[in-house]
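In the working numbering, the protein residues as written are 73 to 819.
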């Protein structure tokens, strides 16, 4: 709210003499005095001195110092009643490092009445010998209610209060049993934890109940001649696939796989573990990086248009940029500006015998890259084969000396590769090509198809543990559509082992191009990973992710802290203690953890560094507790401690910007959800690496981002995922995928 101020050409302000400001009983004025001078040296500090109630003394030694707002602007803010008496004051300059005399501004005293300067506006002129210094003077007065002032003061006081958990180290463990958890107390739980199970949302993280290949991309061909009476539908086309097809519609051009592929611009590297590549300079391109809705934009320079808001980027460059911030965005920019054109699109081509965990690895990698912001899709050749040739093919179909079977399998591989490349040309960034690709001849065919269009990295999975292989084979018989109509499990088992034998006879390990070899990595106990000719930010992140993944079953429990006092008041951010209800939940949570993880001696408890999560974890005994700064709530910046109604009232533009795009919106001097995802990547990597249960006690925005990773939810949905208070989300990680269960301990 303004006070009827006007500005002259020199930037100073004065009151409108013909306009009176009405008195509002109990109203207060928030007054901001500012002085501006672009040439002032830092040795002279502007001050204000004057009469009661502004300063209370004309003694220059008691003058109030103005605070630097920028290199050229200084400010002093204060609150006075709206009907205050006239304030009589002047500006002066005081030396910063010496006892030299102060320099008082020239002219009569300044008079401030009801938030406006009286008399003619003027510059603040200071004369020190022959030197004259001039300042432009600004004044702004906003009317605020006593309630707003009280709320601001309360938040200020609470932020000044010392944390109640300052003495707790970053890593701690309680050994003293809790008190007050007897049966019948508010914190007691039923003996059967299933009593607290509530339905999970329809988009929950329950991939373990679906065969992983069924979640991959559908073929682009809309009509296929499917054997039997099976009918397939495709989301992309909306056309049923039980209609006849013409030869022209299904014509596929398969490159001659006998021609050995020679990648242009690639340095041949036979040494395992080296990182070498010859990158072609494709010209430096100006790229505009989105810095978040509601945040300062990069200003167009008069000498360069490389980073202007209206920069016309080619469609391919725009589409190849991830929806990300921080390190991911920086890595993408570097790759776009310095790397070869085909490197803008990355194809991860799986290699390995059946039952080696290729599809499971591909699904995890797809989920991870999507969560980071890269547009990623998983193409499973087995799904193409089943749709084109039926799901009831015997082991003979996979013999290397079966020309019809070989032709059919090469055809569907080419179809899947064509679809993946076409999707990349429309803007896709990373394609995961999931098949055995067990011969050099097949891999040469794929490299020929990708030449000049995308960069291929082979990902080979090798497993020598017969127990793991046998387990995977049995899971394959239970889950794969190839054996859905086989009533005899043992017959299906023998058929699959015959299929596996056919592949083993012709299998050729990867030795060409860029590759990553995962050798006995699935158990999480040792193993090795070999890389060859791998470079670039994204391939490096993929290697790091794969090093830390395994299939050991373990639960991950996600929960918000108990209700805090700011939750009760509807205020965001802050660092308050728990409410009475929050204290009860902390005890219930401890009781739950004791029952749920009683046989898990290696479990750990992770919290943020904010006291409401640490207090929530405090009743839990017997498990180590680790504080993570990365698990802190989203930084609300200048909005910290406000309610959404206060933001809407006082910062309507910020409120509207956040409403339009919660994913990219960055609070002034704070964070966006994309920022939160970037700082959570180490947490995800460590959760993947852990082999024991983990209880994560954190905050709503953070848990939304973590949950989205496990549930494979799109980035745009993250700000809207429901993570209620006093509810535990159990994520079960294991060889079959991800399962979710929810427990609501209290309302």
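Just so you know, even glycine gets a beta-carbon here, dropped at the ideal spot from N, CA and C.
Sequence-distant residues of the same chain with beta carbon closer than 7 angstroms to residue i, five excluded per side
i	result
residue 681	699, 701, 704
residue 160	122, 123, 181, 183
residue 376	In this prediction, residue 376 scores a pLDDT of 34, lower than 50, which makes its location untrustworthy; the coordinate-derived value is nonetheless stated afterwards. Here the set comprises nothing.
residue 137	117, 119
residue 719	711, 726, 727
residue 587	529, 530, 532, 604
residue 751	702
residue 115	167, 168, 169
residue 648	230, 636, 637, 638, 684
residue 660	259, 261, 817, 818
residue 425	508, 510, 572, 575, 576, 579
residue 427	541, 544, 545, 548, 572
residue 200	175
residue 132	121, 164, 174
Collapsed DSSP secondary structure at residue i in the structure displayed
i	result
residue 499	coil
residue 452	strand
residue 812	strand
residue 709	helix
residue 376	Its pLDDT being 34, under 50, residue 376 is placed unreliably by the model, and the measurement read from it follows with that caveat. In this structure, residue 376 counts as coil in the three-state DSSP scheme.
residue 806	strand
residue 734	coil
residue 590	strand
residue 683	helix
residue 799	strand
residue 724	helix
residue 818	coil
residue 532	strand
residue 431	helix
residue 491	helix
residue 537	coil
residue 754	helix
residue 342	Its pLDDT being 34, under 50, residue 342 is placed unreliably in this model, and the value from its coordinates should be taken loosely. Here residue 342 sits in coil by DSSP.
residue 426	coil
residue 649	coil
residue 640	helix
residue 195	coil
residue 238	coil
Chain-order list of residues whose beta-carbon lies under 6 angstroms from that of residue i (same chain, five-residue window excluded)
i	result
residue 166	117, 119, 174
residue 819	none
residue 198	165, 175, 177, 205
residue 755	702
Those residues which DSSP pairs with residue i across a bridge
i	result
residue 213	103
residue 146	107, 140
residue 632	770
residue 122	129, 161
residue 789	Answer is none; residue 789 lacks a bridge partner.
residue 678	698, 768
residue 604	587
residue 244	697
residue 506	452
residue 420	504, 529
Candidates the options, of which the one nearest residue i by Cα
i	options	result
residue 223	690, 642, 778, 738	642
residue 148	212, 638, 493, 190	212
residue 265	497, 484, 666	666
residue 823	206, 592, 142	As displayed, the chain neither begins before 73 nor continues past 819, which places residue 823 out of reach and without an answer.
residue 601	135, 535, 550, 495	535
residue 771	697, 684, 713	684
residue 152	523, 194, 221, 192	221
residue 616	590, 627, 624, 623	590
residue 269	758, 798, 483, 806	798
residue 709	741, 566, 735	741
residue 106	209, 131, 669	209
residue 111	145, 131, 100, 139	145
residue 488	474, 498, 504	504
Same chain, Cβ closer than 8 angstroms to residue i, five either side skipped, listed in chain order
i	result
residue 470	477, 481, 571, 574, 575
residue 158	183, 184, 185, 190
residue 582	423, 515, 530, 532, 589
Open item on the list: Taking 8 angstroms as the cut-off, does the stretch 603-610 touch the stretch 543-551 (at least 3 CB pairs, one atom from each stretch)?
Closed with: Touching, no, given that fewer than three Cβ pairs across the two stretches are closer than 8 angstroms.
TODO: Report yes or no: do the stretch 555-569 and the stretch 503-517 share at least 3 C-beta pairs separated by less than 8 angstroms?
DONE: Taking a contact to require three or more Cβ pairs closer than 8 angstroms, the stretch 555-569 and the stretch 503-517 do not qualify as touching.
Open item on the list: Any contact between the stretch 719-731 and the stretch 417-429? By contact I mean 3 or more CB pairs, one from each, below 8 angstroms.
Closed with: Proximity of the stretch 719-731 to the stretch 417-429 falls short of the contact definition, fewer than three beta-carbon pairs being nearer than 8 angstroms.
Open item on the list: Using 8 angstroms as the cut-off, can you tell me whether the stretch 449-462 makes contact with the stretch 627-640, which would need three or more C-beta pairs spanning the two stretches below that distance?
Closed with: Counting Cβ pairs under 8 angstroms, fewer than three are found: no touch.
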